[in-house]
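Residue numbers (UniProt numbering): 1 to 230. Every residue gets a Cβ at the ideal spot worked out from N, C-alpha and C, and that includes glycine. Here the structure is a predicted model, which means the values were calculated and not measured. Below is one structure, written out as structure tokens; the observations come after it.
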Amino acid sequence: MLRQVNGLYPWPYDGRWSAADTALLVVDMQRDLLDPEGWFALTGGDTAPLVAIVPAVARALALARAARLAVIFTIESHRPDLSDLPANKLWRSRRLGAAIGEAGPLGRHLVRGAAGTAVVAALAPEPGEPVVDKPGKSAFIGCDLDQILRRRGVRNLVFSGVTTDGAVQCTLRDANDRGYECLLLEDATASDVARDHADQVHTLSLAGGHYGSIATVAALAEALQPETVR
């Protein structure tokens, strides 16, 4: 049995977690969001805060792999025919100057199979690590993440990735509603605006952890120490 992670509250709440029932989620660490030629940058977004957490996410990945936790990646992407792209989402992307589905330096923006929907090289998935394509913010909507987790017997989820105020918090809240025990790694998640990240961390901390606990990668490493070599 692993030690609880020291965070907003000792995680998981009941002290029960192991490699067999815990997964690290790496949310949307894709070129379309982090690359200077990706979709997000072309809309005027600041990629620097997102790129800055790559080392922390890489450390969380290394810890999870060494401890044999499940590792699952999510990618925001759409079918090539855009049949899963809501009209209002397309409209918003056009207003930002980079319509989803249009050609860009990394291929069609946010379209599956394009270079922009690949995980950044520093965090590349290893063989056997699922990559879940999702058409929206939450990885529990319009895809098979829940089935993958339940099939593997996962009950505890550790969150990393981007953006804290977008896909990360949407997925975490949905996970909480489905009964998963959630842990946000606050230094391995980010938003393009620092205040938005801080505000979301504050919101998730309300009521002593209404949606789950919050900790750092170092705290995760400390809890995993019995099963990993630091």
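* From S67 to G38, what distance separates their C-alpha atoms? -> For the record, residue 67 in the displayed sequence is Ala; it is not Ser. Cα-Cα distance, rounded: 33 Å.
* Taking the Cβ atom as the reference point for each residue, do L34 and V51 lie within a distance shorter than 8 Å? -> In this structure, the beta-carbon distance from L34 to V51 falls below 8 Å.
* What are the uninterrupted segments assigned as alpha helix (DSSP H) that are 4 or more residues long and contained completely in the stretch 20–76, given in chain order? -> Within the stretch 20–76, complete alpha helix (DSSP H) segments of at least 4 residues are found at 31–34, 39–42, 48–52 and 54–66, given in chain order.
* With distances taken between CB atoms, is the gap from D28 to E76 smaller than 8 Å? -> Cβ atoms of D28 and E76: closer than 8 Å.
* Asked: With S212 and L183 assumed to form a contact (beta carbons below 8 Å), what rounded beta-carbon distance in angstroms separates them?
  -> A small correction: the amino acid at residue 212 is Gly; Ser does not occupy that position in the sequence shown. At roughly 6 Å, the Cβ-Cβ gap stays under 8 Å, so G212 and L183 are in contact.
* To do: Indicate whether I72 and K89 have their beta-carbon atoms separated by less than 8 Å.
  => For I72 and K89, no; Cβs fall outside 8 Å.
* Check T216 in the structure and name its three-state DSSP category. => Coil, per DSSP.
* **Option in L110, L220, V201 and Q147 with minimal Cα separation from P135** => For the options L110, L220, V201 and Q147, the alpha carbon positioned closest to that of P135 is the one of L110.
* For the alpha helix (DSSP H) that A175 lies in, which residues bound it at each end? -> Annotation for A175: the continuous alpha helix (DSSP H) segment containing it runs Q169 to D177.
* To do: Quick one: measure Cβ to Cβ for T43 and L8, integer angstroms, because I've assumed they're closer than 8 Å.
  => Rounded, the Cβ-Cβ distance is 33 Å, inconsistent with contact.
* Taking only the alpha-carbon atoms, compute the straight-line gap between R79 and S93 and give it to the nearest angstrom. => Computed Cα separation, rounded: 16 Å.
* **Supposed contact pair Q200 and D177 - C-beta distance, whole angstroms, cut 8 Å** => Incorrect: roughly 17 Å between the Cβ atoms, too far for contact.
* Asked: When the distance is taken between beta carbons, is A198 closer than 8 Å to V217?
  -> No. Outside cutoff.
* Return the chain-ordered ranges of every beta strand (DSSP E) run that is complete within the stretch 107–184 and spans a minimum of 3 residues. => Listed in chain order, the complete beta strand (DSSP E) runs (minimum 3 residues) inside the stretch 107–184 are 131–134 and 156–162.
* DSSP three-state assignment for S18, whether helix, strand or coil -> Three-state result, S18: coil.
* To do: Determine the contact status of T171 and S191, defining contact as a CB-CB distance below 8 Å.
  => No; because the gap between Cβ atoms is not below 8 Å, this pair is not in contact.
* So, using beta-carbon positions, are P127 and I148 closer together than 8 Å? -> No; because the gap between Cβ atoms is not below 8 Å, this pair is not in contact.
* Report the rounded CA-to-CA distance for D84 versus A175, giving the unit in angstroms. => One C-alpha to the other measures close to 22 Å.
* **Own chain, CB closer than 6 Å to Y180, minus 5 neighbours either side, in chain order** => Here the set comprises L157.
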